[in-house]
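Numbering (UniProt numbering), first residue to last: 1 to 391.
Every residue, glycine too, gets a C-beta built ideally from N, C-alpha and C.
What follows is a set of notes on a single structure, which appears directly below.
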DNA sequence: CTTGCGGTTAAGAAAC
DNA sequence: GTTTCTTAACCGCAAG
């Protein structure tokens with residue numbers, strides 16, 4: 001498009017006289033198409049023989065202010081037919097970045113050549129006329145240049161014009177134009193097809209990449225699940241070893257060893273996941289924990305144990321105690337944020353106090369849900385006892 | 001600003 | 001179906 005807009009400075013190779021000013025009237029370089037602006041246009045000479053060129057002139061009216069395609073250096077005007085020049089330019093479109101590689105099965109130039117050979121793009125000369133012309137041109141020392149040819153032919157043909165000639169020319173003109181249009185349609189159609197094909201290919205590649213990404217993700221998930229399972233196995237083995245050790249010590253010592261509650265086999269880190277999974281099948285449990293936010297009794301006990309541990313260690317409730325508690329909960333296999341731990345603790349205590357103060361009777365069926373009451377009560381007792389001792 | 005605490009509310013489950 | 005219990009989550013206030 002840049003080329004057509006006239007601002008393309010890209011240098012193409014020598015086949016195309018890119019440095020030639022197509023509208024430069026000084027040497028008549030573009031008169032073949034637009035007619036001489038100095039000595040009168042082609043159309044001013046109705047009896048010109050070069051019908052195809054005349055057609056081109058009709059198709060492309062002379063530009064008024066459009067800047068021609070220029071490049072840095074002026075090259076000598078070639079003795080080439082304009083259609084050859086056009087073909088050469090079209091063939092360079094891919095190089096110039098207008099079309100992708102292989103936009104056309106064969107070079108456009110060759111297509112044009114084919115069209116010419118098959119007579120689709122006749123230049124409007126009959127063999128005889130052409131030979132005649134050649135002779136005349138050579139007599140005038142003019143090269144095979146559209147302008148020279150057309151102008152010299154025009155001047156001569158004026159004298160030879162007759163009515164039958166005019167009718168034939170008119171027909172040829174129409175025919176040529178139709179063929180030109182047909183050819184251009186074909187070119188555009190071919191370009192569009194090519195672009196469509198490329199677009200489809202691009203979509204295919206994108207789909208393939210997306211598929212690959214999903215596949216990798218799946219593989220990663222699988223791997224992660226495997227790793228978790230392995231961890232769980234190791235933990236179980238460790239627990240079994242510990243239990244057998246404890247049993248052995250028991251038999252050796254002959255005394256009952258109290259195992260702290262928090263030494264219960266910890267749940268795997270994915271217990272939250274399990275909760276959500278089990279929540280679905282937990283019409284079976286008292287509370288479905290359907291929301292996934294409810295704390296199961298074991299988790300509540302773990303929280304209380306963690307809290308009492310930290311309290312023993314620090315002796316204070318201040319500071320980042322809930323961070324420590326959250327970390328301890330994680331060690332036990334429960335993933336709860338410090339904020340959640342704190343909230344749960346507060347809510348639990350609130351409810352405990354409310355119930356204790358209110359002296360409400362526990363629902364028999366709900367005794368399980370308040371399994372933490374006992375632990376909390378113990379905790380309060382020990383706390384108050386230690387406070388009394390300090391006093 | 002952080003922390004602890006009390007109050008409130010909506011939602012879910014069990015008891016009636 | 002209604003009532004009651006239990007819980008999570010949010011808000012505000014006071015103390016440090």
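Using only alpha-carbon positions, find the residue among the options that is nearest to residue i.
i           : options               : result
residue 306 : 293, 342 and 294      : 342
residue 398 : 167, 205, 206 and 344 : The structure shown has nothing for residue 398, since the chain only spans 1 to 391.
residue 378 : 308, 332 and 329      : 308
residue 441 : 356, 224, 244 and 331 : Past the boundaries of the shown model lies residue 441; the chain is included only from 1 to 391, so the question cannot be answered.
Does residue i pass the burial test, meaning 16 or more other C-beta atoms within 10 Å, or should it be called exposed?
i           : result
residue 252 : exposed
residue 320 : exposed
residue 220 : exposed
residue 238 : exposed
residue 333 : buried
residue 300 : buried
residue 169 : buried
residue 176 : buried
residue 213 : exposed
residue 240 : exposed
residue 172 : buried
residue 354 : exposed
residue 336 : buried
residue 316 : Caution applies to residue 316, whose pLDDT of 49 falls short of 50 and renders its modelled position unreliable; the value that the coordinates give is listed next. Per the 10 Å Cβ criterion, exposed.
Below 8 Å on the Cβ atoms is my contact criterion, and I expect residue i with residue j to pass it. Report the Cβ-Cβ distance as a whole number of Å.
i           : j           : result
residue 348 : residue 380 : At roughly 12 Å, the Cβ-Cβ gap does not stay under 8 Å, so residue 348 and residue 380 are not in contact.
residue 325 : residue 376 : At roughly 15 Å, the Cβ-Cβ gap does not stay under 8 Å, so residue 325 and residue 376 are not in contact.
residue 328 : residue 310 : 7 Å
Could you tell me which uninterrupted alpha helix (DSSP H) segments, each at least 4 residues in length, are contained entirely in the segment 305 to 341, listed from first to last along the chain? Counting only runs of 4 or more, we get 321 to 331.
Report task. Can you check the segment 195 to 249 for any beta strand (DSSP E) of at least 3 residues that lies completely inside it and give the ranges in chain order? Result -> Whole beta strand (DSSP E) segments, 3+ residues: zero.
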